[in-house]
Amino acid sequence: AFENARKISTIVFDKTGTLTKGSHEVTKVEVLDTSYSENDLLKIATAVESPSEHHISKGLVRKAKELSIDYPRVTDFEYHAGIGVSGIVEGKKIQAGGFVLLDKLNIEAPNDNDNSVETKIFTIVDGKLIGYITFADQIRESSFGAVKTLQEKGIKCSLLTGDNQKVAQSVANELNLDNYMAEVSPDQKQEKIKELQAKGEFVAMTGDGVNDAPALAQSDVGIAIGSGTDVAAETADIRRPAEFVPLVPSFSAPIQMEPI
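The opening position of the sequence shown corresponds to residue 379 in our numbering, with each subsequent residue numbered one higher.
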């Protein structure tokens, strides 16, 4: 992995927890069904999300604790990579996820008039959309300099994310990335890496989530950010303990890393 780091022509970044802090603070709770309150929506969404290791799930749990909301236990929990989560809460089937989940369930997304670039997670109870919760994530301050340094070395920087087009475009523009790919499923992430390789690119992939594991395995150099999931770390060639910035010098000089 160390020798290959010098060959890299393109580095592909996952967004959440890699280019961004992965903090995902709740900024808005929008109820679409009047039989539920904002606290009801938060309680149900937190219950079904609570077993997940995703940054959004952790943000929900933090918000529930902050508001002293007691949420019930979820049973039959399932994580659907790139789509969302599902489970049984108080006898009802609950599903939570982004726009991809709505598409799969043939549920029309609510009118998006706010033009926000934040992430929305929708909650469905027994097949009915009851509302959504909006999350804000911040770009790491260190990402700006790292991307600029890589580009000065002639390395193209791309964003690969399951998040929506608005969020992806906003992050890509802010960091002046060479390109971005949004609303990409975990399996599609792997295919996107293959496509770049087929064009002759020597590809590094950095990510920290279970959604990144197939792409990390496919890349010529897989770099796991150590604060993420074990699955990502196991499929990577290199692991960083917290963020990707310390790896930047490895493209021109040796760097201390922990091989997997």
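By construction, the Cβ of each residue, glycine as well, lies at the ideal position given by its N, Cα and C atoms.
Taking the runs of the alpha helix (DSSP H) that are 4 residues or longer, which of them lie wholly in the stretch 448 to 490?
Taking only runs of at least 4 residues, the alpha helix (DSSP H) segments lying wholly in the stretch 448 to 490 are 477 to 482.
Could you tell me if Glu-530 is buried or exposed, where buried requires 16 or more neighbouring beta carbons within 10 angstroms of its beta carbon?
By the 10 Å Cβ count, Glu-530 comes out exposed.
Based on the DSSP output, what are the partners of Glu-403 in its beta bridges?
Paired residues: Ala-514.
Buried/exposed call for Ile-486, threshold 16 Cβ in 10 Å:
At residue 486 the sequence reads Glu, which differs from the Ile that was named. Classification of Glu-486: exposed, given that the 10 Å Cβ count is below 16.
Ile-422 (DSSP reduced to helix, strand or coil)
If DSSP states are grouped into helix, strand and coil, Ile-422 belongs with the helices.
Distance between Glu-561 and Lys-482 (C-alpha atoms, nearest Å):
Between the alpha carbons of Lys-482 and Glu-561 lies a distance of about 13 Å.
Which term fits Asp-541, buried or exposed, when burial requires 16 or more other beta carbons within 10 angstroms of its beta carbon?
Buried, since its Cβ has 16 or more Cβ neighbours within 10 Å.
Distance, Leu-555 Cα to Arg-384 Cα:
Take the alpha-carbon of Arg-384 and the one of Leu-555: they are about 20 Å apart.
Segment contact flag, the stretch 396 to 414 with the stretch 454 to 462, C-beta cutoff 8 Å, min 3 pairs
No, they do not touch.
Using only CA atoms, which one of Thr-512, Cys-535 and Leu-420 lies nearest to Ile-472?
Closest by alpha carbon: Leu-420.
Can you tell me which of the three DSSP states Glu-431 falls into?
Per DSSP, reduced to three states, the secondary structure at Glu-431 is coil, with no helix or strand assignment.
Are three or more beta carbon pairs between the stretch 494 to 506 and the stretch 520 to 536 nearer than 8 Å?
Contact fails: fewer than three Cβ-Cβ distances are below 8 Å.
Shortest alpha-carbon distance to Lys-470 belongs to which of Pro-450, Ile-461, Asn-484 and Ala-459?
It is Pro-450.
Hey, would you say Ile-434 sits closer than 9 Å to Thr-584, going by beta carbons?
No, they are not a contact pair.
Span separating the alpha-carbon of Ala-611 from that of Thr-512
Legend: pLDDT at Ala-611 = 47, less than 50; position of this residue unreliable, value from coordinates given subsequently. Straight-line Cα distance between these residues: approximately 29 Å.
Is the beta carbon of Ala-459 less than 9 Å from the beta carbon of Asn-589?
Against a cut-off of 9 Å, the Cβ pair of Asn-589 and Ala-459 comes out as a contact.
Closer than 8 Å by C-beta to Ile-386: which residues in its own chain qualify, once you throw out the five before and the five after it? Chain order, please.
Counting only residues of its own chain and dropping the five nearest sequence neighbours on each side, Ile-386 has a CB closer than 8 Å to the CB of Ile-533, Phe-580, Val-581, Ala-582, Asp-598, Val-599 and Phe-629.
Roughly how many angstroms separate the alpha carbons of His-326 and Gly-437, rounded to a whole number?
This structure cannot speak to residue 326, because the chain is shown only from 379 to 638.
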